[in-house]
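Enquirer: Counting in the working numbering, the sequence shown runs from 42 upward without gaps. C-beta: ideal position from N, C-alpha, C; glycine also. Below is one structure. I have some questions about it.
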Amino acid sequence: MKGYFLLQFKMLNRSLTAFGFPPLLAYILLPACFVGLSGYLFSKTEFAEYIFLLLAFALLIKQTGRKRNEFLKSCFTRTDYIKLRLLENFVLMLPFAMYLIFAKAAIFVIPLVVIAVVFVFITNNTTLHFTIPTPFYKKPFEFSVGFRNTFFFFPIAYILTYIAVSEGNFNLGLFSIILVFLVAMSYYSKLEDEYYIWSYGVSSHLFLIEKIKTALGYITVLVLPILITLSIYFTTELTTLFTFLLIAYAYLITVILGKYAVYPNEMNIPQGILIAVSLLFPPILLGIIPYFFFQSKKRLTSLLP
42 MKGYFLLQFK MLNRSLTAFG FPPLLAYILL PACFVGLSGY LFSKTEFAEY
92 IFLLLAFALL IKQTGRKRNE FLKSCFTRTD YIKLRLLENF VLMLPFAMYL
142 IFAKAAIFVI PLVVIAVVFV FITNNTTLHF TIPTPFYKKP FEFSVGFRNT
192 FFFFPIAYIL TYIAVSEGNF NLGLFSIILV FLVAMSYYSK LEDEYYIWSY
242 GVSSHLFLIE KIKTALGYIT VLVLPILITL SIYFTTELTT LFTFLLIAYA
292 YLITVILGKY AVYPNEMNIP QGILIAVSLL FPPILLGIIP YFFFQSKKRL
342 TSLLP
């Protein structure tokens, strides 16, 4: 099992590097972000503990994939497989448990542990097989594939919206929008084969415009229930709401263009730094988006007319 976890650690480091974040920096920033967001959540709603449990549930579902678990079962004995899955789940739940204890909500660690143990035994033999329908089949592949892999995040976002309305907490509603956009941005971390780009048969300019239009249309479908709800119950915050939405759209466009600005390579460290700086100063996006757009056009010239 030691070899398996070392391999996972190396793969994680490679993914972070490919995405533009030095592993050491990521291991410093990620815990800080987790603590900061958790503190914000616990300060804004009395349902924070239940939201923690929902987020933990979503993370653990990712560990129950059929192919993944069949592979693990073929590599390890039954006893070692259970030990490995328990360890995996407890490592994932550890940050949640530690923060719950820090927030004086240790009683919620008990259901957290129960969930972690139960999900060890939820595999292909105990789950239903069905295809999740999506409204995104006409424009593959990011949203049609990504939605099926991350669909469980959207009920969480909608539940957060309900809580925001119940408590009159507009900021929590904005957080639910952030969650939807972060999930959608993750869809563009995967590079498609050159053939899929070539098959569009349009100029690189039109290809990028089409990609952006598709992303904006589909993300609007996902975030629309939240927008409608917040617009109805927080009428005095409409300017803030739609300004926030425009900024979120801008970040999604930036991620899409950043993907193709270095195609067929993964996003690099300079790009990651630019995006990180834009988080501190969003107006810089007005320069980053055109820069990424022209870089993307150059990269795609060899594939598109």
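How far does the alpha helix (DSSP H) with I325 in it extend, from its first residue to its last?
Expert: In the sequence shown, counting from the first residue as 1, residue 325 sits at position 284. Careful: I325 lies outside any alpha helix (DSSP H) and carries neither H nor E.
Enquirer: Do L101 and I156 have their beta-carbon atoms positioned less than 8 Å apart in this structure?
Expert: Working through the sequence shown from its first residue, we reach residue 156 at position 115. Working through the sequence shown from its first residue, we reach residue 101 at position 60. Their beta carbons are under 8 Å apart, which means I156 touches L101 by this criterion.
Enquirer: First and last residue of the alpha helix (DSSP H) that includes F211?
Expert: Mapped onto the sequence shown, residue 211 falls at position 170. From DSSP, the alpha helix (DSSP H) with F211 extends over F211 to S227.
Enquirer: Quick one: is G214 buried, meaning 16 or more other Cβ sit within 10 Å of its Cβ, or exposed?
Expert: Here the question's residue 214 lines up with position 173 in the sequence shown. With 16 or more Cβ atoms within 10 Å of its Cβ, G214 is classed as buried.
Enquirer: Just how far apart, CA to CA, sit V161 and F88?
Expert: One-based indexing of the sequence shown puts residue 161 at position 120. One-based indexing of the sequence shown puts residue 88 at position 47. A direct Cα-Cα distance of roughly 27 Å separates V161 from F88.
Enquirer: Once you ignore the five residues that flank L249 on each side, which residues in its own chain have a CB closer than 6 Å to its CB?
Expert: Sequence index remark: in the sequence shown, residue 249 carries index 208 (1-based). For L249, where only same-chain residues beyond five positions count, the Cβ hits under 6 Å are S337.
Enquirer: How big is the Cα-Cα spacing for F143 and Y81?
Expert: For the purposes of this step, residue 143 is identified with residue 102 of the sequence shown, where counting begins at 1. For the purposes of this step, residue 81 is identified with residue 40 of the sequence shown, where counting begins at 1. Taking the straight line from one Cα to the other gives about 14 Å.
Enquirer: Can you round the beta-carbon distance between F117 and L125 to whole angstroms, since I take them to be within the 8 Å contact cut?
Expert: Locating residue 117 in the sequence shown gives position 76, counting from the first residue. Locating residue 125 in the sequence shown gives position 84, counting from the first residue. Sure, about 6 Å apart at Cβ, within 8 Å.
Enquirer: Contact between the segment 204-223 and the segment 244-259: three or more CB pairs below 8 Å?
Expert: no
Enquirer: From K300 to S227, what distance separates their C-alpha atoms?
Expert: Locating residue 300 in the sequence shown gives position 259, counting from the first residue. Locating residue 227 in the sequence shown gives position 186, counting from the first residue. Roughly 11 Å between the two C-alpha positions.
Enquirer: Provide the residue span of the alpha helix (DSSP H) that contains G77, from first to last.
Expert: To locate residue 77, count along the sequence shown from 1; it is residue 36. Where G77 is concerned, the enclosing alpha helix (DSSP H) stretches over P64 to K85.
Enquirer: Return the residue from the list Y140, I297, R107 and N110 that minimises the CA-CA distance to K254.
Expert: The count along the sequence shown starts at 1 and reaches residue 254 at position 213. Here the closest residue by C-alpha is I297.
Enquirer: Can you tell me where the alpha helix (DSSP H) with S245 in it begins and where it stops?
Expert: For the purposes of this step, residue 245 is taken as the residue at position 204 of the sequence shown. From DSSP, the alpha helix (DSSP H) with S245 extends over S245 to Y274.
Enquirer: Looking at L232: is its Cβ nearer than 8 Å to the Cβ of S217?
Expert: For the purposes of this step, residue 232 is taken as residue 191 along the sequence shown, with counting starting at 1. For the purposes of this step, residue 217 is taken as residue 176 along the sequence shown, with counting starting at 1. Cβ distance not < 8 Å, so L232 and S217 don't count as in contact.
Enquirer: Contact check, F137 vs L127 under 8 Å by CB: the rounded distance?
Expert: Here residue 137 refers to the residue found at position 96 when the sequence shown is read from its first residue. Here residue 127 refers to the residue found at position 86 when the sequence shown is read from its first residue. Between L127 and F137 the Cβ distance is about 16 Å, and since that is not below 8 Å, they are no contact.
Enquirer: Take the Cβ of V224 as the centre, count every other Cβ of all protein chains shown within 10 Å, and call the residue buried at 16 or more, exposed below.
Expert: Along the sequence shown, one-based indexing puts residue 224 at 183. So V224 counts as buried.
Enquirer: Just to check my reading of the structure: F222 and A289 have Cβ atoms closer than 8 Å, yes? What is that Cβ distance to the nearest angstrom?
Expert: Taking the sequence shown and counting its residues from 1, the one referred to as residue 222 is at position 181. Taking the sequence shown and counting its residues from 1, the one referred to as residue 289 is at position 248. With 8 Å as the limit, F222 and A289 qualify as a contact, their Cβ atoms being about 5 Å apart.
Enquirer: What is the rounded straight-line gap between the Cα of T270 and the Cα of I260?
Expert: Position 229 of the sequence shown holds residue 270. Position 219 of the sequence shown holds residue 260. Distance between the alpha carbons of T270 and I260: 16 Å.
Enquirer: So L95 and I197 are in contact, right, with Cβ under 8 Å, and what is the actual spacing, rounded?
Expert: Within the sequence shown, residue 95 is the residue found at index 54, counting from 1. Within the sequence shown, residue 197 is the residue found at index 156, counting from 1. 5 Å between Cβ atoms; contact.
Enquirer: Taking its Cβ as the centre, do 16 or more other Cβ atoms sit within 10 Å of F171, making it buried, or is it exposed?
Expert: The count along the sequence shown starts at 1 and reaches residue 171 at position 130. Any reading at F171 needs caution, since the residue's pLDDT is 44, under 50, leaving its predicted position unreliable; the model's value is listed next. Classification for F171: exposed.
Enquirer: What three-state label does DSSP hand Q104 in the structure shown?
Expert: Your numbering for residue 104 matches position 63 in the sequence shown. For Q104, the secondary structure class from DSSP, reduced to helix, strand or coil, is coil.
Enquirer: Terminal residues of the continuous alpha helix (DSSP H) containing T118?
Expert: Within the sequence shown, residue 118 is the residue found at index 77, counting from 1. T118 -> no alpha helix (DSSP H), and no H or E assigned at all.
Enquirer: Per DSSP, what kind of secondary structure is L344 in: helix, strand or coil?
Expert: The sequence position of residue 344 within the sequence shown is 303, counting from 1. Coil, per DSSP.
Enquirer: Using DSSP with H/G/I as helix, E/B as strand and the rest coil, what is N190?
Expert: Here residue 190 refers to the residue found at position 149 of the sequence shown. Here N190 sits in helix by DSSP.
Enquirer: When the Cα atoms are used, what is the spatial distance from L263 to M42?
Expert: Working through the sequence shown from its first residue, we reach residue 263 at position 222. Working through the sequence shown from its first residue, we reach residue 42 at position 1. The alpha-carbon atoms of L263 and M42 are separated by roughly 40 Å.
Enquirer: Is A302 helix, strand or coil by DSSP?
Expert: The residue labelled residue 302 in the question sits at position 261 within the sequence shown. Three-state DSSP puts A302 in a helix.
Enquirer: Would you tell me roughly how many angstroms separate the C-alpha atoms of I123 and M52, rounded to the nearest one?
Expert: Translated into the one-based positions of the sequence shown, residue 123 becomes position 82. Translated into the one-based positions of the sequence shown, residue 52 becomes position 11. Using only the alpha carbons, I get a separation of about 22 Å.
Enquirer: When you compare each of I204, R109, S230 and L66 to I163 by their alpha carbons, which one comes out closest?
Expert: On the sequence shown, position 122 is the one that residue 163 refers to. That would be R109, whose Cα lies nearest to the Cα of I163.
Enquirer: By a C-beta neighbour count over all protein chains shown, 10 Å radius and 16 as the cutoff for buried, is T342 buried or exposed?
Expert: For the purposes of this step, residue 342 is taken as the residue at position 301 of the sequence shown. By the neighbour-count rule (16 or more Cβ atoms within 10 Å), T342 is not buried but exposed.
Enquirer: With DSSP run on the structure shown, which of helix, strand or coil describes G44?
Expert: Sequence index remark: in the sequence shown, residue 44 carries index 3 (1-based). G44 falls in the helix class under three-state DSSP.
Enquirer: Helix, strand or coil for R55? Go by DSSP, reduced to three states.
Expert: For the purposes of this step, residue 55 is identified with residue 14 of the sequence shown, where counting begins at 1. Residue state, collapsed to three classes: helix.
Enquirer: For A146, report the span of its alpha helix (DSSP H) as first-last.
Expert: Along the sequence shown, one-based indexing puts residue 146 at 105. That residue, A146, is in no alpha helix (DSSP H); it is neither H nor E in DSSP.
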